[in-house]
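Asker: First the structure, then my questions, so here it is.
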DNA sequence: AACCAGGACGTGA
DNA sequence: TCACGTCATGGT
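In the working numbering, the protein residues as written are -11 to 228.
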C-alpha cells in the first residue's frame, strides 16, 4: 500500500501544511491560515512545537471532545465562550457551574452529554498530573472513544497515533482502498503500517484528509480529483 | 427541508 | 461483536 504515501504527498503538495491543532490564543497573530471551513484563526502551519503550555494541552483535549460529530466552527465559538468565562483551563472550569458550562458549550450541540464527558475528563486530567496518558486510560474515560483518544494523543501529546474519522472512511472507501464500514482499528492499522511512525506525518496527514474532504466529500456524488490523478494499478492493490 | 458536522454510548439481538 | 436509536445545535 505504497499508495497511501503517494496520496499523502499529493495532498501535501496540493494544500501545504495545515497547522493543526488550531488554538484560540493564536487568533490575532500573523501565522494564520485560511481554510474552507471559514475559520481563519488558530492554525500554525509548519510549526509543530504546539502545544507549548499545559493550558494549550487542556484546550486541545476539551476541543476534541466538543468536536464530536460537530462542526469545528461551532466548537471554536464554544471554546471562546469558555475562555471568556475564564474556564478554558483546569482550575477555571472546575469553578464553573453545570449550568454555566452547558451555556458555554450549547452551540456545539449534545451539550448535556458533552458537559458530563468534560467533567469526566477533568477528573481524569487532574489525576493524570501532567503525565502522558496511555491510550487505554483515555478510552476508559466515559465520552472518549477511539477517535477522540487518538486526537488527544496525536495533537495534545504528540504521540504517533493515527486518527481515523468519518472523512477518512469516506475518502478511502471512495478510492476503493478500504471498506467504509471496516473496524476502526483495522483502518488505523492500515495507515500506521504503511507510514513512517512519526507524529508530524500523522498530524499532517489527518489534517490534510479533513481539508480535502471538506472540499470534495460534503455532498454526493463525490467528485474527487485525486481519483482521476491516481493511477490505481494492480501492483498497488496486491502489495498491501 | 433534508442532510451533514473533525462521534460515543447504551441496548438488544 | 454489530446494528440501531439517542444525543442537539447550526449551517447549507
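Cβ coordinates follow ideal geometry from the N, Cα and C atoms, glycine included.
Whole angstroms are fine: how far does the CA of residue 213 sit from the CA of residue 137?
Answerer: C-alpha separation (whole angstroms): 31 Å.
Asker: Counting only the same chain and skipping the five closest in sequence on each side, list residues whose C-beta sits under 7 Å from that of residue 186.
Answerer: For residue 186, where only same-chain residues beyond five positions count, the Cβ hits under 7 Å are 148.
Asker: Would residue 44 and residue 36 qualify as a contact pair, given that the criterion is a beta-carbon distance under 9 Å?
Answerer: Taking 9 Å as the Cβ cut-off, residue 44 and residue 36 do not qualify as a contacting pair.
Asker: Three or more C-beta pairs closer than 8 Å, one from the stretch 76 to 86 and one from the stretch 168 to 177: is that the case here?
Answerer: No, they do not touch.
Asker: Just to confirm, is the Cβ distance from residue 31 to residue 12 under 9 Å?
Answerer: No, the Cβ-Cβ distance between residue 31 and residue 12 is not below 9 Å.
Asker: Residue 218 and residue -3 - do their beta-carbons sit closer together than 9 Å?
Answerer: No; because the gap between Cβ atoms is not below 9 Å, this pair is not in contact.
Asker: Looking at the secondary structure, which residues open and close the alpha helix (DSSP H) in which residue 136 lies?
Answerer: Note, residue 136: alpha helix (DSSP H), 134 to 139.
Asker: By the 10 Å Cβ neighbour count, where 16 or more other Cβ atoms means buried, how is residue 55 classified, buried or exposed?
Answerer: That one is buried.
Asker: Quick check on the burial criterion: 16 or more other C-beta atoms within 10 angstroms. Buried or exposed for residue 181?
Answerer: With fewer than 16 Cβ atoms within 10 Å of its Cβ, residue 181 is classed as exposed.
Asker: Rounded to the nearest angstrom, what separates residue 124 and residue 191 at their Cα positions?
Answerer: One C-alpha to the other measures close to 20 Å.
Asker: Mapping the DSSP letters down to three states, classify residue 128 as helix, strand or coil.
Answerer: Coil.
Asker: In chain order, what residues of the same chain have a beta carbon less than 8 Å from the beta carbon of residue 94, not counting five sequence neighbours either side?
Answerer: Only 66 meet the Cβ criterion.
Asker: Can the beta-carbon of residue 194 be found less than 9 Å from the beta-carbon of residue 134?
Answerer: Their beta carbons are not under 9 Å apart, which means residue 194 does not touch residue 134 by this criterion.
Asker: Check whether the Cβ atoms of residue 97 and residue 57 sit closer than 9 Å, and answer yes or no.
Answerer: Yes, they are a contact pair.
Asker: Who are the Cβ neighbours of residue 62 in its own chain at under 6 Å, not counting the five residues just before and after it?
Answerer: Excluding residues within five positions, the ones whose Cβ falls inside 6 Å are 95, 96.
Asker: Taking the alpha carbon of residue 254 as the reference point, which residue from 130, 163, 99 has its own alpha carbon closest?
Answerer: Since the first residue of the chain shown is -11 and the last is 228, residue 254 is not available in this structure.
Asker: With DSSP collapsed to three states, give me the class of residue 191.
Answerer: Residue state, collapsed to three classes: helix.
Asker: When you compare only the Cα positions, how much space is there between residue 109 and residue 165?
Answerer: Straight-line Cα distance between these residues: approximately 35 Å.
Asker: Under a three-way DSSP split, which group does residue 151 fall into?
Answerer: Of the three classes helix, strand and coil, the one that applies to residue 151 here is coil, per DSSP.
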